[in-house]
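Numbering (the working numbering), first residue to last: -10 to 271.
Below: one structure, written as structure tokens.
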């Protein structure tokens, strides 16, 4: 009977090509499907269910599936790998510097160094630590007065308030680490209408930045790990503090040329960091 006659076996070889996942942006190998010539362009997604996450590759997968094909059969499309910024999605804690990071810098440090008799470029706090007690007390008052005056004139940096609110509303751990005195730091936060569960000023640690003491103490108080933390600051001392504590680091340049940096990410303003985090944090 003709209807019982076995069909002739046919083999279908789907076209394989490299492209970017429409969800996560990573370079993946996709199958075009049986009707690829008429289906037209459409969104492609990773093998994993939504939301995309890096699934274990199949046994045959190398850096790219088409890399194992003969040259004449390889995809002609771009095969550029996505930027290696996956660590941003694993962050759960953010440690912020204050002056120049969350606020617009107000203190004139060159003028303050001249008033204190400190050489240009030298750390003010480290220079004061080396003075005799009777000299240090008078100069400490000058520094404290300058910090309080700056706190009264404080203005938020571009996108700083939005960034902190974004993180706190989503339950991420946040802490403030500053070399200012505690009274000036509290007044600055009051002027900005910001609150942090942990605020560490120079009175709270034995060694100030660039030593990691403040970052380690903040992580301990928050109960978080350094591997999932990001230290955000506007100077190399902030970056050194975060790196020594084992955290990731972000340098806020505020449009300045700061030279080479060891920071994991460099942004011009907190608003730019906010935009990047929105792309990676759920």
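Glycine is no exception: its CB is placed at the ideal position from the N, C-alpha and C atoms.
Please read these numbers as outputs of a predicted model, since none were measured by experiment.
message = Using CA atoms only, rank isn't needed, just tell me which of 122, 246, 195, 161 is closest to residue 78.
response = For this step, residue 78 is matched to residue 89 along the chain shown. Measuring from the Cα of residue 78, the nearest candidate turns out to be 161.
query = Is the CB of residue 198 under 8 Å away from at least one CB in chain D?
reply = Here there is only one protein chain, and chain D is not present.
query = Can you tell me where the alpha helix (DSSP H) with residue 139 in it begins and where it stops?
reply = The count along the chain shown starts at 1 and reaches residue 139 at position 150. Taken as a continuous stretch (DSSP letters only), the alpha helix (DSSP H) holding residue 139 covers 122 to 141.
task = For the stretch 204 to 263, list the beta strand (DSSP E) runs that are entirely contained and at least 3 residues long, ordered along the chain.
result = 218 to 222, 237 to 241, 254 to 256
Distance between residue 98 and residue 111 (C-alpha atoms, nearest Å) = In the chain shown, residue 111 corresponds to position 122, counting from 1. In the chain shown, residue 98 corresponds to position 109, counting from 1. Answer to the nearest angstrom: the Cα atoms are 10 Å apart.
query = Per DSSP, what kind of secondary structure is residue 108 in: helix, strand or coil?
reply = Position 119 of the chain shown holds residue 108. Coil.
ask   = DSSP state of residue 164, grouped into three classes?
value = Taking the chain shown and counting its residues from 1, one reaches residue 164 at position 175. The three-state reading of DSSP puts residue 164 in strand, counting E and B together.
ask   = Are the CB atoms of residue 85 and residue 166 nearer to each other than 8 Å?
value = Numbered from 1 along the chain shown, position 96 holds the residue referred to as residue 85. Numbered from 1 along the chain shown, position 177 holds the residue referred to as residue 166. Against a cut-off of 8 Å, the Cβ pair of residue 166 and residue 85 comes out as a contact.
message = With a threshold of 6 Å on Cβ separation, who are the neighbours of residue 148 within its own chain once the five nearest residues in sequence on each side are excluded?
response = Translated into the one-based positions of the chain shown, residue 148 becomes position 159. Answer for residue 148: 258, 259, 260, 263, listed in chain order.
query = Going by other Cβ atoms of all chains shown within 10 Å of its Cβ, with 16 needed for buried, is residue 220 buried or exposed?
reply = Residue 220 sits at position 231 when you count from the first residue of the chain shown. Buried, by the Cβ-count rule.
query = Quick one: what does DSSP say residue 98 is sitting in, helix, strand or coil?
reply = Residue mapping note: residue 98 aligns to position 109 of the chain shown, counting from 1. Note: residue 98 maps to helix in three-state DSSP.
key: Per-residue DSSP class, three states only, for residue 171   = Residue 171 sits at position 182 when you count from the first residue of the chain shown. In the structure shown, residue 171 sits in a helix (DSSP, three-state: H, G or I).
query = Between the Cα of residue 164 and the Cα atoms of 250, 251, 205, which residue gives the shortest distance?
reply = Translated into the one-based positions of the chain shown, residue 164 becomes position 175. The option with the nearest alpha carbon to residue 164 is 205.
request  = Please report the residue range of the beta strand (DSSP E) in which residue 187 lies.
outcome  = Numbered from 1 along the chain shown, position 198 holds the residue referred to as residue 187. It spans 187 to 189 - the beta strand (DSSP E) in which residue 187 sits, taken as one unbroken run.
task = Note the first and the last residue of the continuous alpha helix (DSSP H) segment covering residue 114.
result = Indexing the chain shown from 1 puts residue 114 at position 125. Residue 114 -> alpha helix (DSSP H) spans 113 to 118.
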